[in-house]
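What follows is one structure encoded as structure tokens, with my remarks underneath.
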Amino acid sequence: MALIVQKYGGTSVGSVERIQAVAEKVKASAEAGNQIVVVVSAMSGETNRLVELAQAVQQPPNERELDVLLSTGEQVTIALLSMTLDALGQQACSFTGAQVHIRTDSAHNKARIQDIDGARVKAALDAGKVVVVAGFQGVDEQGNITTLGRGGSDTTAVAMAAALKADECQIFTDVDGVYTTDPRVEPKARRLRTITFEEMLEMASLGSKVLQIRAVEFAGKYDVPLRVLSSFEDGEGTLITFEDDPTMEKAKISGIAFNRDEAKLTIMGVPDQPGVAHKILGPVAERNIEVDMIVQNISQDGTTDFTFTVNRGDFPKAMDILRRTAKELGAREVVGDDNIVKISLVGVGMRSHAGIASTMFQSLADEGINICLISTSEIKVSVVVQEKYLELGVRALHEAFGLTEA
Ligand code: ADP
Ligand code: ASP
Ligand code: MG
97 MALIVQKYGG TSVGSVERIQ AVAEKVKASA EAGNQIVVVV SAMSGETNRL
147 VELAQAVQQP PNERELDVLL STGEQVTIAL LSMTLDALGQ QACSFTGAQV
197 HIRTDSAHNK ARIQDIDGAR VKAALDAGKV VVVAGFQGVD EQGNITTLGR
247 GGSDTTAVAM AAALKADECQ IFTDVDGVYT TDPRVEPKAR RLRTITFEEM
297 LEMASLGSKV LQIRAVEFAG KYDVPLRVLS SFEDGEGTLI TFEDDPTMEK
347 AKISGIAFNR DEAKLTIMGV PDQPGVAHKI LGPVAERNIE VDMIVQNISQ
397 DGTTDFTFTV NRGDFPKAMD ILRRTAKELG AREVVGDDNI VKISLVGVGM
447 RSHAGIASTM FQSLADEGIN ICLISTSEIK VSVVVQEKYL ELGVRALHEA
497 FGLTEA
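Note that the sequence shown covers residues 97 to 502 in the numbering used here.
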């Protein structure tokens, strides 16, 4: 008998009919002789609706109260799915995050799971029930409700699988696996049979929302076999593997990720002296704004230009801070742009292939796309370009790196 954790995302439980389809799938897996834990998201659109309600009454919303509100979305779907299973003659029992002791830190809206007590879940499984757990939520040491950041139900599922030592964690969603790039942007994108943890981690951190980055981190850390599958059709999906597939050896690039949630800021004409980078970025970090790419130019006449990127939501706050810093440092000018996106090539094959970056720059140039910023690591190359070039850029690169053909 296998223990399987299955997670169904928002679209997969977006209506009563879809919840019924999920219940049929879960029932079939249970009847095949498996113990099943199901983790569900809120119905599609619900978390956004709740965020808008909160913003209508307080700007920005109180973080603790926002978590109380957001966690209700998942409480609706666990109850509805359990009732549907019950109606189909499959015994089931729903649990909120707090009820199964999903203990997190107290970082509201982006809490990290610290511990799960699987005893209650195990007892229900051993009693022959399907266990239905609310994704995206937990409880801190003081008993406050917390949420895990957008897309956090993936992480609940993986953490649950790790705690229960499940045989597999299956992420059911509205695509039938992990693709070479988001199939909504490039319809010629191809499903990958396997992808390594290392690559999946890069793809997720560079903007591919098919799996939440923390879910991939958790799965890697606790050796959880992880698979992405379609809720709507049968298939093998994509297996996230520890070893690179030897048959994929020749692939230089596994996928293309992109992130629209980007903005860049430049402070020009700052003195080129020790301590300046700290004076510029220190106040940004103090306000809890994450900085991604950083570029400092060479010095001309003893001054330099300094550019960095932040999440688009933090752009106004970061501009205010930078303008103040500019006054203190006697900088010449501050400029910002929040109409940019980051496009990244990801692949472990890059390690053994030269010329990836130059092929990338050539194909963007052929399309007349100007590159604003570049950053590289062992298994990725990222460029920042104007947002209007996102689709064109992704499709050109998909073609240039031969990702289209099977
Ligand atoms: P769920 O609600 O099931 O969690 P998400 O919307 O969070 O679903 O994630 C699935 C979506 O991720 C897909 O609909 C697709 O548009 C997007 N996506 C982005 N990059 C990729 C990729 N490389 N492969 C597959 N899907 C991707
Ligand atoms: N409902 C949450 C969200 O929309 C969590 C999730 O779906 O994974 O972000
Ligand atoms: Mg998701």
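Glycine residues also receive a C-beta, built at the ideal position from the N, C-alpha and C atoms.
As the structure is a prediction and not an experimental result, all values here were calculated from the model.
Can G273 be considered in contact with ligand 3, in the sense that its beta carbon sits closer than 7 angstroms to one or more heavy atoms? Along the sequence shown, read from residue 1 onward, the residue named residue 273 stands at position 177. No, ligand 3 has no heavy atom inside 7 angstroms of this Cβ.
Buried or exposed, going by whether 16 or more other CB atoms sit within 10 Å of the CB of F338? Position 242 of the sequence shown holds residue 338. Exposed is the call here.
Got a sec? Which residues, its chain only, sit under 8 angstroms from L149 by beta carbon, not counting five neighbours each side? Stepping through the sequence shown from its first residue, residue 149 is reached at position 53. Closer than 8 angstroms at Cβ, skipping near neighbours: L165.
Which residue from H204, A175, D462 puts its Cα closest to that of R160? To locate residue 160, count along the sequence shown from 1; it is residue 64. Out of H204, A175, D462, the CA that lies nearest to the CA of R160 is found in H204.
Three-state secondary structure (DSSP) of M97: Your numbering for residue 97 matches position 1 in the sequence shown. Annotated three-state conformation of M97 is coil, per DSSP.
I'd like to confirm the pairing. Which residues does DSSP put opposite V135 in its beta bridges? Translated into the one-based positions of the sequence shown, residue 135 becomes position 39. DSSP output for V135 lists K103, V229 as bridge partner(s).
Taking only heavy atoms of ligand 2 into account, decide whether any of them is closer than 7 angstroms to the Cβ of S249. For the purposes of this step, residue 249 is identified with residue 153 of the sequence shown, where counting begins at 1. A distance criterion of 7 angstroms places the beta-carbon of S249 in contact range of ligand 2, judged by its closest non-hydrogen atom.
Are the Cβ atoms of G333 and S326 separated by less than 8 angstroms? Sequence index remark: in the sequence shown, residue 333 carries index 237 (1-based). Sequence index remark: in the sequence shown, residue 326 carries index 230 (1-based). Cβ atoms of G333 and S326: closer than 8 angstroms.
Count the other CB atoms, across all protein chains shown, that sit within 10 Å of the CB of A381; report buried if there are 16 or more and exposed otherwise. One-based indexing of the sequence shown puts residue 381 at position 285. Exposed, since its Cβ has fewer than 16 Cβ neighbours within 10 Å.
On a CA-only basis, which of D410, E358, K225 is nearest N130? Give me that one, please. For the purposes of this step, residue 130 is taken as the residue at position 34 of the sequence shown. Ranked by Cα distance from N130, the options D410, E358, K225 are led by K225.
Which same chain residues end up closer than 8 angstroms to E329 when comparing Cβ atoms and leaving out the 5 residues on each side of it in sequence? Mapped onto the sequence shown, residue 329 falls at position 233. Non-local beta-carbon contacts of E329 in its own chain, meaning distances under 8 angstroms to residues more than five positions away in sequence, involve D272 in chain order.
Between the stretch 469-481 and the stretch 425-432, can you find at least three pairs of beta-carbon atoms closer than 8 angstroms? No, the stretch 425-432 does not touch the stretch 469-481.
Looking at ligand 1, does it come within less than 7 angstroms of G106, judged from the CB to the closest heavy atom? By one-based count along the sequence shown, residue 106 stands at place 10. At least one heavy atom of ligand 1 sits closer than 7 angstroms to the Cβ of G106.
For N71, which residues of its own chain have a beta-carbon under 7 angstroms away from its beta-carbon, when the five flanking residues on both sides are left out? An answer regarding residue 71 cannot be provided, because it is not within the stretch 97 to 502 covered by the chain.
Less than 7 angstroms between the CB of G234 and some heavy atom of ligand 2, yes or no? Position 138 of the sequence shown, counting from 1, holds the residue named residue 234. For ligand 2, not one heavy atom lies less than 7 angstroms from the Cβ of G234.
From the DSSP output, read off the bridge partner residues of Y275. Taking the sequence shown and counting its residues from 1, the one referred to as residue 275 is at position 179. DSSP output for Y275 lists R287 as bridge partner(s).
Return the CA-CA distance between D410 and I385, expressed in angstroms with no decimal places. Taking the sequence shown and counting its residues from 1, the one referred to as residue 410 is at position 314. Taking the sequence shown and counting its residues from 1, the one referred to as residue 385 is at position 289. Rounded to whole angstroms, D410 to I385 spans 7 angstroms at the Cα level.
In the stretch 414-492, which residue ranges form an unbroken beta strand (DSSP E) of at least 3 residues, counting only runs that do not cross its ends? If one requires a minimum length of 3 residues, the beta strand (DSSP E) runs lying completely within the stretch 414-492 are 429-442, 469-473, 476-482, in chain order.
Look up D401 in the DSSP assignment and say whether it is helix, strand or coil. Numbered from its first residue, the sequence shown carries residue 401 at position 305. In the three-state reduction of the DSSP assignment, D401 falls in the strand class.
Just how far apart, CA to CA, sit L176 and I115? To locate residue 176, count along the sequence shown from 1; it is residue 80. To locate residue 115, count along the sequence shown from 1; it is residue 19. Computed Cα separation, rounded: 8 angstroms.
Does A126 pass the burial test, meaning 16 or more other C-beta atoms within 10 Å, or should it be called exposed? Residue mapping note: residue 126 aligns to position 30 of the sequence shown, counting from 1. The residue in question, A126, is buried, as its Cβ has 16 or more Cβ neighbours within 10 Å.
Check for me: the alpha helix (DSSP H) holding I115 runs from which residue to which? Mapped onto the sequence shown, residue 115 falls at position 19. Boundaries of the alpha helix (DSSP H) around I115: 112-127.
Answer yes or no: do M456 and G432 have a C-beta to C-beta separation smaller than 8 angstroms? Mapped onto the sequence shown, residue 456 falls at position 360. Mapped onto the sequence shown, residue 432 falls at position 336. One thing to note: M456 has its Cβ no nearer than 8 angstroms to the Cβ of G432.
By DSSP's criteria, M364 is part of a beta bridge. Which residues make up the other side? Taking the sequence shown and counting its residues from 1, the one referred to as residue 364 is at position 268. Bridge partners of M364: E429.
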